[in-house]
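Written out below as structure tokens is the structure these notes cover.
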Amino acid sequence: YEKSGWQEFLNRMVSLSGSRSARILVMNKDADQVFNGVQVNTDASAHKAFVEHYVNLCPWRPGLASLPPGKFYSSFLDGICDQKTFYRSEFFNDWARGLDIHHGASGTVWQHEGQTIQMFMQRTGGQGHFTRNETNAFNALTPHIRRALRLEAIIHQRKQQQDYLEQQGRFGAMLLLNVRKEVVYASESAWEMLRAEPSLRMHTRKLRLKNKAAQDLLDRLLAAAFDGSNVHAPVTGGVVPVWRCGRTPLLMQVIPLHPDADSSLMPVPAHVAIYLVDGEQQSQMDLGKL
Numbered sequence: 003y004e005k006s007g008w009q010e011f012l013n014r015m016v017s018l019s020g021s022r023s024a025r026i027l028v029m030n031k032d033a034d035q036v037f038n039g040v041q042v043n044t045d046a047s048a049h050k051a052f053v054e055h056y057v058n059l060c061p062w063r064p065g066l067a068s069l070p071p072g073k074f075y076s077s078f079l080d081g082i083c084d085q086k087t088f089y090r091s092e093f094f095n096d097w098a099r100g101l102d103i104h105h106g107a108s109g110t111v112w113q114h115e116g117q118t119i120q121m122f123m124q125r126t127g128g129q130g131h132f133t134r135n136e137t138n139a140f141n142a143l144t145p146h147i148r149r150a151l152r153l154e155a156i157i158h159q160r161k162q163q164q165d166y167l168e169q170q171g172r173f174g175a176m177l178l179l180n181v182r183k184e185v186v187y188a189s190e191s192a193w194e195m196l197r198a199e200p201s202l203r204m205h206t207r208k209l210r211l212k213n214k215a216a217q218d219l220l221d222r223l224l225a226a227a228f229d230g231s232n233v234h235a236p237v238t239g240g241v242v243p244v245w246r247c248g249r250t251p252l253l254m255q256v257i258p259l260h261p262d263a264d265s266s267l268m269p270v271p272a273h274v275a276i277y278l279v280d281g282e283q284q285s286q287m288d289l290g291k292l
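Numbering (our numbering), first residue to last: 3 to 292.
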């Protein structure tokens, strides 16, 4: 995630909400390991201690894990942890007390592909706890935060796609399809593979597979790539294995494209790229990383 934009957002959140400090943490699926993040008003050594040790001692977090994601909860009002228990905790006495952190509003704002993103707003004892109206104001922003995080995830995936396409260049066995699923371009090596493989054929400019299960999977991936209205459609396409008797399968890497955004990488405008990968010749390709 692009740190500078979130840093500016967090600075603004602290200013408008009268908070002492704040942090956004990008974590693993179980939210017990911090990958990275941004923070406001905590010195580097204290933040390092938090992400490396105290994050899993924070008494607000077990309660937060038991509540539905997608919204903020006040540590004082929403039963995350009563104040007496908080003041007796190692987290408060060894870390938060020295920073004058007494109250919080926090939430799991995003979960996606093994990542959990949590956001914490913090206040001093003198500032007092986050009120119901203030917590509701955070929750009014949550859908916009989630939308921005989804867009960032898509942008990151698009960059991965472009890096992959740049690495492949025009030398791989590549087919390009338009929005009607017609093949509008085929590299020379792709034509050679189509002529040599009985499991593949072209019919009325469309790619056809002999194996029905493989054809059904290809059709589903293409339908998802063209369905702009489906927010849950896979952004990065997928792999169709084409089984060959007595041989390793031929792999078809299906990658959705945008005809404008990807035009500089492609020989012709297209909506989908399909790379034909012969496992017997290109076993070094790690498709799990695409």
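Note that beta-carbon positions come from the ideal geometry of N, C-alpha and C, so glycine has one too.
State yes or no: is the C-beta of residue i within less than 9 Å of the C-beta of residue j?
| i | j | result |
| --- | --- | --- |
| glutamine 41 | leucine 66 | no |
| asparagine 38 | alanine 24 | no |
| glycine 194 | alanine 175 | Sequence check: residue 194 is glutamate here, not glycine. The answer is yes: Cβ separation under 9 Å. |
| methionine 254 | valine 241 | yes |
| arginine 14 | threonine 126 | no |
| alanine 227 | proline 200 | no |
| aspartate 80 | valine 57 | no |
Would you kindly work out how many angstroms separate the C-alpha atoms of residue i and residue j, rounded to a whole number?
| i | j | result |
| --- | --- | --- |
| histidine 260 | aspartate 221 | 18 Å |
| methionine 123 | phenylalanine 94 | 15 Å |
| alanine 188 | lysine 212 | 19 Å |
| histidine 131 | aspartate 96 | 21 Å |
| alanine 155 | arginine 149 | 10 Å |
| cysteine 83 | valine 111 | 19 Å |
| proline 251 | leucine 223 | 18 Å |
| glycine 7 | threonine 87 | 36 Å |
| lysine 208 | glutamine 159 | 27 Å |
| isoleucine 26 | glutamine 85 | 23 Å |
| arginine 249 | arginine 203 | 18 Å |
| alanine 48 | arginine 63 | 18 Å |
| glutamine 1 | leucine 18 | Residue 1 is absent from the structure shown; the chain starts at 3 and stops at 292. |
| tyrosine 277 | leucine 177 | 6 Å |
| alanine 192 | threonine 206 | 17 Å |
| glycine 100 | histidine 114 | 34 Å |
Give the DSSP bridge partners of residue i, in chain order.
| i | result |
| --- | --- |
| tryptophan 112 | Ile119 |
| asparagine 38 | Val28 |
| methionine 268 | Answer by DSSP bridge pairing: none, since methionine 268 is not bridged. |
| glycine 106 | Gln124 |
| aspartate 280 | Leu252 |
| leucine 178 | Tyr187 and Ala275 |
Measure the beta-carbon distance from residue i to residue j and round it to whole angstroms, keeping in mind my assumption that it falls under 8 Å.
| i | j | result |
| --- | --- | --- |
| proline 243 | alanine 216 | 7 Å |
Please determine if the segment 102 to 118 and the segment 63 to 81 are in contact, where contact requires at least 3 C-beta pairs separated by less than 8 Å. yes
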